[in-house]
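To keep things clear, I will list the structure first and then write my remarks on it.
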Amino acid sequence: MAHSSAAASGSSPHPPVGERESLRPAGVALAGLSTVFLFEMLDNSILNVALPTIGRELHASTTGLQWVTGAYAVVFGGLMLFFGAVADRAGRRRVMLIGLALLGLASLATAFVTTAEELIAVRAVMGVAAAMTTPGSLALAFRLFRSDDARVRATTLISTVGLVGLAIGPAVGGLVLSWAPWQVLLLVNVPIALLAGIGIRVGIPADDPADLHRAPLDVAGALTGTVAVVLLLAAPTMFVQDGVGALLPWVLLAAAAGAVVLFVVRARRVAHPILDLRLVTLPLVSSGLLYKAATGLATAGLGFSVTLQLQSDWGWSPFWAAIGMLPQVVVLLAGGLFVGPLVRRLGLDRVAWLSAGAVVVGLGIFAAFGRGGYPWVAAALVLVAFGIRLNGVVAGTNVMKGMPSNRTTIGAALVDTATEVATGVGVAVTGTVLAVMFTGSVTAGGWTPAQDAQFEAATTTGGLVLALVAAGLVVWGYRRSRAADSSGTTPAHASA
Numbered sequence: 011m012a013h014s015s016a017a018a019s020g021s022s023p024h025p026p027v028g029e030r031e032s033l034r035p036a037g038v039a040l041a042g043l044s045t046v047f048l049f050e051m052l053d054n055s056i057l058n059v060a061l062p063t064i065g066r067e068l069h070a071s072t073t074g075l076q077w078v079t080g081a082y083a084v085v086f087g088g089l090m091l092f093f094g095a096v097a098d099r100a101g102r103r104r105v106m107l108i109g110l111a112l113l114g115l116a117s118l119a120t121a122f123v124t125t126a127e128e129l130i131a132v133r134a135v136m137g138v139a140a141a142m143t144t145p146g147s148l149a150l151a152f153r154l155f156r157s158d159d160a161r162v163r164a165t166t167l168i169s170t171v172g173l174v175g176l177a178i179g180p181a182v183g184g185l186v187l188s189w190a191p192w193q194v195l196l197l198v199n200v201p202i203a204l205l206a207g208i209g210i211r212v213g214i215p216a217d218d219p220a221d222l223h224r225a226p227l228d229v230a231g232a233l234t235g236t237v238a239v240v241l242l243l244a245a246p247t248m249f250v251q252d253g254v255g256a257l258l259p260w261v262l263l264a265a266a267a268g269a270v271v272l273f274v275v276r277a278r279r280v281a282h283p284i285l286d287l288r289l290v291t292l293p294l295v296s297s298g299l300l301y302k303a304a305t306g307l308a309t310a311g312l313g314f315s316v317t318l319q320l321q322s323d324w325g326w327s328p329f330w331a332a333i334g335m336l337p338q339v340v341v342l343l344a345g346g347l348f349v350g351p352l353v354r355r356l357g358l359d360r361v362a363w364l365s366a367g368a369v370v371v372g373l374g375i376f377a378a379f380g381r382g383g384y385p386w387v388a389a390a391l392v393l394v395a396f397g398i399r400l401n402g403v404v405a406g407t408n409v410m411k412g413m414p415s416n417r418t419t420i421g422a423a424l425v426d427t428a429t430e431v432a433t434g435v436g437v438a439v440t441g442t443v444l445a446v447m448f449t450g451s452v453t454a455g456g457w458t459p460a461q462d463a464q465f466e467a468a469t470t471t472g473g474l475v476l477a478l479v480a481a482g483l484v485v486w487g488y489r490r491s492r493a494a495d496s497s498g499t500t501p502a503h504a505s506a
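Under our numbering, the first residue of the sequence shown carries the number 11, and numbering increases by one thereafter.
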């Protein structure tokens, strides 16, 4: 297949003046990248439906089931920076294709799983594959186009496909389980990986060697960074599981803090760190990461609380609770129609801070007024979903614009890592406040009036704390974006 010189560098040529850059020439590539993101969104949502069945058939404990999903998330979050750095050196398409092959093999291994421990190991390998593929989706999509408008439209298309998977995952999972064994839910990743690989292999040219980062890989720094992120993700889980009075969560948190300090010290001292900390301080990069962190905090706080409120506090059945979440699903799916027009009218940065702010306001509404009735809950769900839909595209695009051209994959990895860590912290804060203020088990039915009051107080307290912290991050991000405007420069196509 012949490629133009522009395509060989991973970008399309500038469109004629006054003409919008078309996505059509990159259709095959976008199909492959969309399929990668579909796997990420579909995977956990479809698997969660099968956890009770998996527990029965594999005789798994509650902790074992927790790690069926937790092993994937921890490995995925911990290795993204490492594989982002590898991809910027070895080639983004190459690492993506290797990751997809690993995903297909790990999914095939599901057919031979007989114990919970084996399934946890398979899920960990799938987390490795996700860390190799997910950051590359944003990085490769960004590099296919020159204009912000085309990049936003392409990223919106990719995210819409993924969100469809997120929305239909539980229903599809339940339908499949009615006639097939649970292993089918993971075996479906095999054709997904195959289709994604074909689209990327055919539609995206190999990286131009001149556009790769040539500095040696800091293996010790990569290991320290991975340990830091893994501990940061594991500690919140243990706080929710064991409570604030247990020793292990505090040990993990202290170890995470120590690993972060070691990572920063090494990054400042070595000639070629795994992550040049100067990149994180660039105005566009830091503002985008702050917006993503604020969104992750607020989304986690709302998601953790709403389901408990609808079912355990208000006594809704699972069916009606699912109906109650429909406003969020509808906005997540339909909100993509508004991303491009809003960006063209208001600009990337303004949409970025407005969307992050909408998520924070949505959480604040739920925390302050959610006990007043479902209309307040629905308003919160709509605001948060709309903010997520916009912020997921524009904040990531801003980070990519702010990175040097040979560091785009690690930039995408930073975006995903910030979201994963913030989500873990948000769940931990909400769960810990609830554990402290609520007596008894939140999963047990038939709450007493006193427990209802305790839950509402805990939801208000935890929600407002997270909303205030997230609001601070949005303000900080806004100030950083103003610094980018005042400098009037962006290193998006420079090498560092």
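C-beta atoms are modelled at their ideal positions from N, C-alpha and C, and glycine is treated no differently.
For this session: Use the C-beta contact count for residue 231: other C-beta atoms within 10 angstroms, 16 or more gives buried, fewer gives exposed.
Result: Residue numbering aside, residue 231 sits at position 221 when the sequence shown is read from its first letter. Per the 10 Å Cβ criterion, buried.
Exercise. Any idea if residue 40 is buried or exposed, counting beta-carbon neighbours within 10 angstroms, 16 or more meaning buried?
Worked result: By 1-based counting over the sequence shown, the position of residue 40 is 30. Buried, since its Cβ has 16 or more Cβ neighbours within 10 Å.
For this session: Determine the extent of the alpha helix (DSSP H) in which residue 156 is found, giving its start and end residues.
Result: The residue labelled residue 156 in the question sits at position 146 within the sequence shown. First-last for residue 156: undefined, no H or E at that position.
Exercise. Run through DSSP, which three-state label would residue 11 get?
Worked result: Here residue 11 refers to the residue found at position 1 when the sequence shown is read from its first residue. Because the pLDDT at residue 11 is just 37, under 50, the model does not fix this residue reliably, and the point stays unresolved.
Problem set entry | Host alpha helix (DSSP H) of residue 433 (start-end) | Position 423 of the sequence shown, counted from the start, is the residue given in the question as residue 433. Element bounds for residue 433: 418-447.
Exercise. Considering only C-alpha positions, which residue in the set 404, 62, 92, 465 is nearest to residue 167?
Worked result: Within the sequence shown, numbered from 1, the residue matching residue 167 stands at position 157. If we check each option's Cα against that of residue 167, 404 comes out closest.
Exercise. Residue 136 by DSSP, collapsed to three states: which one?
Worked result: In the sequence shown, residue 136 corresponds to position 126, counting from 1. Helix.
Exercise. If you follow the alpha helix (DSSP H) that residue 278 is part of, which residue opens it and which one closes it?
Worked result: On the sequence shown, position 268 is the one that residue 278 refers to. Its alpha helix (DSSP H) spans residues 257-279.
Exercise. On the three-pair Cβ rule with 8 Å, is the region 112-123 touching the region 251-269?
Worked result: no
Exercise. Hey, is the region 372-390 in contact with the region 465-477, meaning 3+ C-beta pairs nearer than 8 Å?
Worked result: yes
Exercise. Cβ atoms of residue 431 and residue 295: under 8 Å apart, would you say?
Worked result: Working through the sequence shown from its first residue, we reach residue 295 at position 285. Working through the sequence shown from its first residue, we reach residue 431 at position 421. Taking 8 Å as the Cβ cut-off, residue 295 and residue 431 do not qualify as a contacting pair.
For this session: Pick helix, strand or coil for residue 181, following the three-state DSSP scheme.
Result: Residue mapping note: residue 181 aligns to position 171 of the sequence shown, counting from 1. Helix.
For this session: Kindly indicate which three-state DSSP category residue 101 falls into: helix, strand or coil?
Result: What you label residue 101 is simply residue 91 of the sequence shown in a count that begins at 1. The answer is coil: DSSP assigns residue 101 none of H, G, I, E or B.
Exercise. Apart from the five residues on each side of it in sequence, which residues of its chain come closer than 6 Å, Cβ to Cβ, to residue 245?
Worked result: Along the sequence shown, one-based indexing puts residue 245 at 235. Hits under 6 Å: 259, 262, 263, 266.
Exercise. What is the DSSP secondary structure of residue 365, reduced to helix, strand or coil?
Worked result: The residue given as residue 365 occupies position 355 in the sequence shown. Here residue 365 sits in helix by DSSP.
Exercise. Within 10 angstroms of its Cβ, does residue 336 collect 16 or more other Cβ (buried), or is it exposed?
Worked result: The residue labelled residue 336 in the question sits at position 326 within the sequence shown. Classification of residue 336: exposed, given that the 10 Å Cβ count is below 16.
Exercise. By DSSP, does residue 313 sit in helix, in strand, or in coil?
Worked result: Numbered from its first residue, the sequence shown carries residue 313 at position 303. Here residue 313 sits in helix by DSSP.
For this session: Starting from residue 225, trace the alpha helix (DSSP H) both ways and give me its first and last residue.
Result: Mapped onto the sequence shown, residue 225 falls at position 215. Note, residue 225: premise wrong, no alpha helix (DSSP H); not H, not E.
Exercise. Got a sec, what are the start and stop residues for the alpha helix (DSSP H) residue 508 sits in?
Worked result: Nothing in the structure corresponds to residue 508, since the chain is present only between 11 and 506.
Exercise. Can you round the beta-carbon distance between residue 153 and residue 418 to whole angstroms, since I take them to be within the 8 Å contact cut?
Worked result: Position 143 of the sequence shown holds residue 153. Position 408 of the sequence shown holds residue 418. Right, the Cβ-Cβ distance comes to about 6 Å (below 8 Å), so this counts as a contact.
For this session: Identify, in the order they occur along the chain, each residue of the same chain with its Cβ nearer than 7 Å to the Cβ of residue 194, setting aside the five sequence neighbours on each side.
Result: Numbered from its first residue, the sequence shown carries residue 194 at position 184. Correct list, in chain order: 186.
Exercise. How many Å lie between residue 384 and residue 82 at the Cα?
Worked result: Sequence index remark: in the sequence shown, residue 384 carries index 374 (1-based). Sequence index remark: in the sequence shown, residue 82 carries index 72 (1-based). Going from the Cα of residue 384 to the Cα of residue 82 covers about 34 Å.
Exercise. What did DSSP end up calling residue 383 once you bin it into helix, strand or coil?
Worked result: The residue you call residue 383 lines up with position 373 of the sequence shown. It is coil, neither helix nor strand.
Exercise. Taking just the CA atoms, how far does residue 219 sit from residue 374?
Worked result: Taking the sequence shown and counting its residues from 1, one reaches residue 374 at position 364. Taking the sequence shown and counting its residues from 1, one reaches residue 219 at position 209. Distance between the alpha carbons of residue 374 and residue 219: 48 Å.
Problem set entry | Straight-line gap, residue 293 to residue 422 (C-alpha atoms, nearest Å) | Position 283 of the sequence shown holds residue 293. Position 412 of the sequence shown holds residue 422. Each residue's Cα considered, the two are about 16 Å apart.
For this session: Assign residue 142 to one of three DSSP states: helix, strand, or coil.
Result: As a first step, residue 142 must be located in the sequence shown, where it is residue number 132. Helix.
For this session: With residue 194 as the anchor, note down where its alpha helix (DSSP H) starts and where it stops.
Result: Looking up residue 194 in the sequence shown gives position 184. Residue 194 -> alpha helix (DSSP H) spans 194-197.
For this session: Find out if the Cβ-Cβ distance for the pair residue 428, residue 307 is shorter than 8 Å.
Result: Start at 1 with the first residue of the sequence shown, and residue 428 comes out as number 418. Start at 1 with the first residue of the sequence shown, and residue 307 comes out as number 297. Not in contact: residue 428 and residue 307 (Cβ atoms no closer than 8 Å).
Problem set entry | Cβ neighbours of residue 366 in the same chain (closer than 6 Å, five flanking residues each side left out) | Counted from its first residue, the sequence shown places residue 366 at position 356. Correct list, in chain order: 301, 304, 305, 401, 484.
Problem set entry | Residue from 368, 70, 67, 226 whose Cα sits closest to the Cα of residue 100 | Start at 1 with the first residue of the sequence shown, and residue 100 comes out as number 90. It is 226.
Problem set entry | Buried versus exposed call for residue 357 [16 or more other C-beta atoms within 10 Å across all chains shown] | Position 347 of the sequence shown, counting from 1, holds the residue named residue 357. Exposed, because fewer than 16 other Cβ atoms sit within 10 Å of the Cβ of residue 357.
For this session: Can you have a look at residue 257 and say buried or exposed, based on whether 16 or more other CB atoms are within 10 angstroms of its CB?
Result: For the purposes of this step, residue 257 is taken as the residue at position 247 of the sequence shown. Exposed: under 16 other Cβ atoms inside 10 Å.
For this session: Look at the Cβ atom of residue 363, then the Cβ atom of residue 169, and state whether they are nearer than 8 Å.
Result: In the sequence shown, counting from the first residue as 1, residue 363 sits at position 353. In the sequence shown, counting from the first residue as 1, residue 169 sits at position 159. Cβ atoms of residue 363 and residue 169: not closer than 8 Å.
Problem set entry | Straight-line Cα distance separating residue 46 from residue 389 | Indexing the sequence shown from 1 puts residue 389 at position 379. Indexing the sequence shown from 1 puts residue 46 at position 36. Their backbone Cα atoms lie some 32 Å apart in a straight line.
Problem set entry | Candidates 247, 399, 321, of which the one nearest residue 74 by Cα | Looking up residue 74 in the sequence shown gives position 64. Taking only the C-alpha atoms, the option nearest residue 74 is 247.
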